[in-house]
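Working notes, structure below.
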Amino acid sequence: MNHSLNKLQKTLYKLSLGLLLAISTNNANGEMIEITHKGLGKSISVEVLAIKDGSMQVMLKGGTCEIPMHLLTSESIDKAKASLKAKADVIGEMNRVIGQPLFNSNGTLWEQSAAVTAKRLRWPVESSAPATSSYRTYTRPNYSFLGAHPYCATLYGATDGKVELFSLVFANKGDFGSRRGMGEDHFKKMHPDSKPPTSLDEAIDLDTETLTKTLTGQIGEPIKQYYGEKEDRRKVLRWDWEGHAFILSQRDKEYVSLLITPVSVADAEGKVDRVNDSDMKVIIAKNVRRKENGDVLIDNIPMVNQGPKGYCAPATAERAMRYMSIPADMYLLAVAATSAEGGTNTNRLMESCKRIVRSKARKIRDLELQKDLDMKTLKKYIDKGVPILWQMKSLSRYNQLANKRTKDRRKITDFTAWAELISAESKKETPLLREVANHHICMIIGYNEKTNEVAVSDSWGAKYALRWVHIDIARAVTLRGGFVIDF
């Protein structure tokens, strides 16, 4: 008797003893059917996931099982095929209503690879770190999701590489009427037969109405509940479908957002257990990498691409918060601190962030970097794995120096000579960096004490994840100061 037969027989024997082996309600995503062993005549309830290469993949309590089809009755095989077809029809209809290929027949989204799901949706990778990943798209004006237009759509991956959360932001005060965004034009494309809204409130109401009508028509009436923690706690509408919760939030004069989460997360109202201080200190300390040339760098910081809106402060805040295991969404942080004219009030943003960070028993500390941007300060935080949020002037001359010296640095073998070269250069260049313009915030993620260099990371995508500048150049472009999320 082969291994697969033994496995099925053991399962059937347990069933005959009255043990619960059928899939639990938490695991069920589709129709349950009974399949029968051809020789034993015993049956078991399963959810059929796939039929391929002479085997049937089914879901049992605790995981999946591959069953050779020649062991099953012909009636079982016919029922399995019918079940798969019915599931495909349901999924196809759901994807048609959504307007995107969100679902497939391989179980819930939470059981699937984040990278594969993002590829199916054509959402580009934004960040891929061991603890978290993200895939973000800034959509074209004709992009539709549930009949409305999201400006930004993000898929977050969990530590196991599987899908964790979707976040989509629709009408919001940062985009509506913005000189940088597409403003109200998307309504002309999405709703050609209706008059486009003339105010942000009208746009928010229209998107809310569209999303509510579409989801209700497909799934049924929503339930009302609270979602989020402390200052972020809000009333939402919720629809559940096959293990997925669609969470619709509307904030007047602010935004419309849609989260897609596991039902269990929605049941917990979005509350996430915090990582205690002692564990967090160990986790982030492991991210500190020291190289023979004297470089000290923090690895595994998520990248967030601020996109066309210039959301450098919210993007940098999200990076720091997610690095410290605090859930955050750059776009929603931006809306809370951004005017319709564009640009972010950093103080308002940090006040909002502080409330969220405090809810996870962490702290945001203000730094006076315009006075004490020195190696002592950098080492204090970088050595324990804490990145620094740095307020500075992203001047053209500064960026030219950072780009050139980062490129040149890759070929350097004599770092003593390199230190002398960039020190002399900094004396020449710092007087040319006095212009007060291009206010920006990014991260300091490392240093080299031997060469007096600072490692910088901008929220502009992978190309800008790491650049090096002399510390005197960094001082010359420093503005008011900076922040750290600490203990």
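Counted the way the working numbering counts, the sequence shown spans residues 292 to 778.
Ideal Cβ positions, reconstructed from N, Cα and C, are used throughout, including at glycine.
query	result
Residues sharing a beta bridge with Gln-682, DSSP	Ile-732
Sequence-distant residues of its chain with Cβ nearer than 8 Å to Gln-403 (five each side left out)	Asn-395, Asn-397, Lys-453, Val-454
Nonlocal neighbours in the same chain, by C-beta distance under 6 Å from Trp-656, ignoring five residues either side	Reading the sequence as shown, one finds Arg at residue 656 and not Trp. Excluding residues within five positions, the ones whose Cβ falls inside 6 Å are Val-775, Asp-777.
Lys-741 and Thr-707 closer than 9 Å at C-beta	yes
In chain order, each alpha helix (DSSP H) run of at least 4 residues that lies wholly inside the region 483–523	491–510
Cβ shell of Ser-435 (< 6 Å), same chain only, five flanking positions each side left out	Gly-390
Per-residue DSSP class, three states only, for Asn-739	strand
Host beta strand (DSSP E) of Tyr-429 (start-end)	424–429
Span of the alpha helix (DSSP H) around Gly-383	365–389
Other residues of its chain near Ile-314: CB distance less than 8 Å, five sequence neighbours each side excluded	Only weak support exists for where Ile-314 lies, its pLDDT of 33 falling under 50; the value from the coordinates is given anyway. Met-323, Ser-336, Val-337, Glu-338, Met-350, Leu-351, Lys-352, listed in sequence order.
As assigned by DSSP and simplified to three states, the class of Val-547	strand
Per DSSP, the bridge partner or partners of Met-323	Glu-338
Run of the beta strand (DSSP E) containing Met-347, from where it starts to where it stops	346–351
Span separating the alpha-carbon of Ser-616 from that of Val-566	7 Å
Opening and closing residue of the beta strand (DSSP E) in which Val-579 lies	579–581
9 Å Cβ cutoff met for Asp-429 and Gly-448	The sequence shown places Tyr at residue 429, rather than the Asp named in the question. Not in contact: Tyr-429 and Gly-448 (Cβ atoms no closer than 9 Å).
Residues bridged to Gly-761 [DSSP beta-bridge criterion]	Before going further, note that residue 761 is His rather than Gly in the sequence given. Per DSSP, Glu-744.
Ser-717 (DSSP reduced to helix, strand or coil)	helix
Beta-carbon spacing of Ser-418, Ala-406 below 9 Å	no
Bridge partner(s) assigned by DSSP for Ser-418	Ser-425
Through-space distance from Ala-422 to Arg-613, alpha-carbon basis	9 Å
Ile-358 versus Lys-329: straight-line alpha-carbon distance, rounded	12 Å
Rounded distance between the beta-carbons of Gln-682 and Ile-732, thought under 8 Å	5 Å
Counterpart residues of Ser-404 in DSSP-defined beta bridges	Lys-453
C-beta contact flag for Val-556 and Ala-536 at 9 Å	yes
Which listed residue (Thr-408, Ile-736, Pro-415) has its alpha carbon closest to that of Arg-581	Ile-736
Arg-525 - DSSP class collapsed to helix/strand/coil	strand
Pair within 9 Å by beta-carbon distance, Asp-763 and Ser-717	yes
Cα-Cα separation, His-361 to Gly-345	8 Å
Element boundaries [beta strand (DSSP E), containing Val-587]	586–589
Buried versus exposed call for Arg-725 [16 or more other C-beta atoms within 10 Å across all chains shown]	exposed
Rounded separation between Lys-343 and Gly-601 - CA only	48 Å
Proximity of Val-760 and Tyr-689 at Cβ, strictly below 9 Å	yes
Cβ distance (whole Å) where Leu-491 is taken to contact Ala-462 below 8 Å	7 Å
Val-573 beta carbon less than 9 Å from that of Leu-686	no
Cβ-Cβ distance between Ala-608 and Leu-640 below 9 Å	yes
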